[in-house]
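Residue numbers (our numbering), protein chains in the order written: chain A, 66 to 381; chain B, 2 to 246.
Each residue gets a CB set at the ideal place from its N, CA and C atoms; glycine is no exception.
One structure below.
Structural data, given as structure tokens:
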């Protein structure tokens with residue numbers, strides 16, 4: 066079912082779900098939403114499944130004309146959404162009439178917004194996911210970002226009689242400062258004590274080289290003991306590599322699946338999702354946690370996500 | 002000594018939902034053999050909470066669900082399995098695949114350079130590259146890219162100083178002692194000596210990558226004419242590069 070006609074594609078808009086799991090051994094990255102929390106919430110707000118596909122919007126949003134009556138929700142970075150030129154709220158179900166135009170203004174905070182459609186975005190699943198992997202040229206709409214005149218397809222499902230909104234106290238606030246909790250290793254022993262201290266005690270700035278593959282960071286040089294290369298091994302989102310120049314590279318969801326720089330630490334799962342909202346010039350501070358603490362955080366995060374559907378407010 | 006595995010395998014945390022098992026920090030059949038053997042054993046073991054295994058040159062990454070297991074439990078369980086592997090010396094059964102390649106010319110624009118670099122003829126380079134069997138050490142870089150090793154010292158060649166912006170799909174390259182095949186068009190710095198008409202990666206196949214770590218690969222020099230024939234057969238999905246064991 067045709068839901069939207071793309072009038073303008075925005076800076077970099079792609080179809081994403083929670084990702085493509087199980088193919089790392091074939092060199093296929095996980096992909097999926099950079100900010101998974103906002104994607105899941107966007108889905109819940111239109112009573113979709115958590116893993117349904119949404120549009121991921123980067124910094125400058127698209128302009129979309131509705132080809133049918135539908136319901137949407139917009140979450141994530143503060144993207145100044147409008148319907149027919151009128152500013153509309155984020156983090157709640159929105160009614161969109163046939164012919165209406167959804168557009169976006171300036172990204173006031175954060176980097177990425179998520180637009181869900183009641184029933185989910187429909188593209189052919191590839192290896193079990195609708196996520197777009199641009200470098201591999203598959204998933205989403207023909208393996209690429211949106212372009213003008215694309216049609217966004219959806220499923221023919223009944224619209225909700227009552228919409229939802231996110232309780233205000235649960236809406237995440239994104240600033241330009243991020244705190245990333247990490248578990249040191251797997252190759253932390255390739256760094257001097259001073260190198261580790263530098264990593265855990267200084268702020269790093271996100272450079273212009275920051276995209277779905279990863280972020281290069283600028284900050285004080287992190288010192289290796291001797292070698293700055295390893296025989297390539299596997300990577301996962303959240304891994305922090307330190308090449309010879311001592312400047313961290315944070316691995317994100319579309320990164321290559323193997324790499325040859327030592328990994329000083331890996332960011333814990335909930336914080337990787339949060340860092341999906343970091344943009345160039347934002348600051349990141351790393352702090353160490355132990356695995357047991359991280360697992361406690363993950364259990365908390367899952368309990369919260371599982372309960373989130375029930376915590377949403379029904380609109381009357 | 003340098004080609005040897007670590008005296009004791011290193012079990013390392015990789016964030017909050019993965020475990021990295023390192024067997025050494027070298028490229029060697031012995032180290033990679035341990036990776037492949039444990040990978041196979043863990044596939045069979047179906048351990049609670051294990052979600053994905055990623056074998057590489059010298060380590061095995063295990064992605065797990067922290068809601069279903071703990072790091073300590075996993076390490077304990079896998080160390081037990083690793084012990085049983087040390088006792089049995091059975092070789093891992095590996096598939097044999099023959100990759101047809103047109104060497105040189107527009108198919109392999111760096112063949113001349115590689116020959117000159119080593120003071121060999123192009124024919125000698127082709128013979129040296131295609132006469133031995135290679136192990137698939139890992140798949141990485143781009144979807145379906147196999148890292149194969151190792152080429153004879155006589156043809157080991159450093160990467161291009163400035164990588165090409167575009168290397169064609171199917172290109173066969175050399176980087177130091179490694180050789181590999183580009184599954185899709187990509188930027189790259191390997192010395193391209195030939196090209197195969199085989200499709201190394203297709204996301205629409207159930208098994209998207211043609212090769213997997215542990216496979217044995219041999220290159221077979223072919224003519225331009227045969228390239229076209231094989232290309233047609235590949236398109237019609239009637240070409241099999243696998244040979245009977």
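Within this structure, are the beta carbons of residue 120 of chain A and residue 138 of chain A separated by less than 9 Å?
-> Going by C-beta atoms, residue 120 of chain A is not nearer than 9 Å to residue 138 of chain A.
Mind listing which residues of the segment 354–375 of chain A have their C-beta closer than 7 Å to chain B's C-betas, in chain order?
-> 356, 359, 360, 363, 364, 367
Closest by C-alpha distance to residue 178 of chain B, when choosing among B/158, B/12, B/86, B/189 | B/158
Going by beta carbon distance, what residues of the same chain come within less than 8 Å of residue 354 of chain A, once the five residues before and after it are set aside?
-> Excluding positions up to five away in sequence, the list reads 246, 247, 248, 333, 362.
Should residue 299 of chain A be flagged as near chain B, meaning a C-beta pair shorter than 9 Å?
-> So yes, residue 299 of chain A belongs to the interface.
Residues in its own chain within less than 8 Å of residue 102 of chain A by CB, not counting five upstream and five downstream?
-> The answer, listed in chain order, is 237, 335, 338, 339, 370.
When you compare only the Cα positions, how much space is there between residue 95 of chain B and residue 32 of chain B?
-> Taking the straight line from one Cα to the other gives about 16 Å.
Could you give the C-beta distance for residue 58 of chain B and residue 298 of chain A, rounded to a whole number, given that I count them as a contact under 8 Å?
-> 7 Å
What separation, rounded to the nearest whole angstrom, lies between the Cα atoms of residue 81 of chain B and residue 42 of chain B?
-> 11 Å
Among A/66, A/272, A/349, A/366, which one has its Cα closest to the Cα of residue 186 of chain A?
-> A/66
Any idea if residue 195 of chain A is buried or exposed, counting beta-carbon neighbours within 10 angstroms, 16 or more meaning buried?
-> buried
What residues of chain A sit near residue 140 of chain B, judged by a beta carbon separation below 7 Å?
-> Per Cβ cutoff of 7 Å: 90, 91, 92.
Would you identify the three-state DSSP class for residue 225 of chain A, choosing helix, strand or coil?
-> coil
Between residue 348 of chain A and residue 60 of chain B, what straight-line distance do the alpha-carbon atoms span, to the nearest angstrom?
-> Approximately 33 Å, taken between the alpha carbons.
Could you name the residues of chain A that residue 143 of chain B contacts, counting a contact when the two beta carbons are closer than 8 Å?
-> 92, 200, 201, 321
Quick one: does residue 192 of chain A have its CB under 9 Å from some CB of chain B?
-> yes
Taking only beta-carbon positions, decide if residue 51 of chain B is within less than 9 Å of chain A.
-> no
Three-state secondary structure (DSSP) of residue 376 of chain A = helix
Closest residue to residue 146 of chain A among A/183, A/133, A/286, A/167 (Cα-Cα distance) | A/167
At a Cβ cut of 8 Å, what residues of the segment 74–86 of chain A count as close to chain B, listed as they run along the chain?
-> 86
Runs of beta strand (DSSP E) wholly within the segment 146–176 of chain A (minimum 3 residues, chain order) = Complete beta strand (DSSP E) runs here, min 3: 146–148, 159–161, 166–169.
Short Cβ contact (9 Å threshold) for residue 135 of chain B with residue 180 of chain B | Closer than 9 Å, so yes.
Determine, using beta carbons only, whether residue 222 of chain B and residue 103 of chain B come nearer to each other than 9 Å.
-> yes
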